[in-house]
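Student:
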Amino acid sequence: MAEAMKEAEQHKKRLLEMQANMEEEARLKREAEAELRRKAIADEEEKRRKEREEELRRQKEAELQEKRRQQEELARERELLIAAKKKQEEEEEKLRQEKEKLIHCHFVCFQITTIQKKPQQQQCPLQYITQCTHKKKKKKLKQIGKKGKKGGKKKKRKEDDWSNERPWTPERVVAAIHAETSPVNWALFYPSTKELKPLENGAWETCLL
């Protein structure tokens, strides 16, 4: 009887030990599974973090590339605008030069035509001026004579004393050069042997005959 009770106690003890071992194994298994789940969650979070970082990196790289592309496009447009402006300025300058050349040609042709129409004036300026002055004097004297006839009395023209009291008009200067009583009579000096000739640019050059 005592031996049976002893065996029962031992069996019970073995059952309790087995139960404790099973519980310990179950606990260890739960802890291992929990650790695996925690690790899986951590791995998933790390993976998502890396994916977000990679996405941000790609987005920044795309933004930088787009910015560089826009800058290059703006630079190309600026170069095209500068080239177009330069070409337009060159064309305008060319047109301006052609216009100036055309105007110069017309001016030269006009000068040549003037010289051909008035050779006496161009070949001997002083003689031409003298003739014009004499013609004006004759015309003026003729007009004075007509006025004298109308009034019944002919007015005598007052001779110029070539003083500074009267204003020196261009006509008076020319008359002083050719008058015999004038102290600045051009005949007192050597007559001019020069001639005015037109240059290509429309200016005039004094050349000896």
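Counted the way my numbering counts, the sequence shown spans residues 1145 to 1353.
Positions of the beta carbon are idealized from the N, C-alpha and C atoms, including for glycine.
Tell me whether N1308 sits in a helix, a strand or coil according to DSSP, three-state version.
Tutor: N1308 falls in the coil class under three-state DSSP.
Student: Return helix, strand or coil for A1228, following the three-state DSSP convention.
Tutor: Looking at A1228 - three-state DSSP - the assignment turns out to be helix.
Student: Work out the CA separation of R1240 and Q1264 for me, nearest whole Å.
Tutor: Confidence is the limiting factor: at Q1264 the pLDDT is only 46, short of 50, which leaves the residue's position unreliable, though a coordinate-based value still follows. In a straight line, the C-alpha of Q1264 is about 37 Å away from that of R1240.
Student: Alpha helix (DSSP H) containing A1319: first to last residue?
Tutor: First-last of the alpha helix (DSSP H) with A1319: 1314 to 1322.
Student: Helix or strand or just coil, what does DSSP make of K1191?
Tutor: Of the three classes helix, strand and coil, the one that applies to K1191 here is helix, per DSSP.
Student: Could you give the distance in angstroms between the alpha-carbon of E1216 and the alpha-carbon of K1231?
Tutor: So the two alpha carbons sit approximately 22 Å from each other.
Student: If you run the structure through DSSP and keep just helix, strand and coil, what is K1156?
Tutor: Three-state result, K1156: helix.
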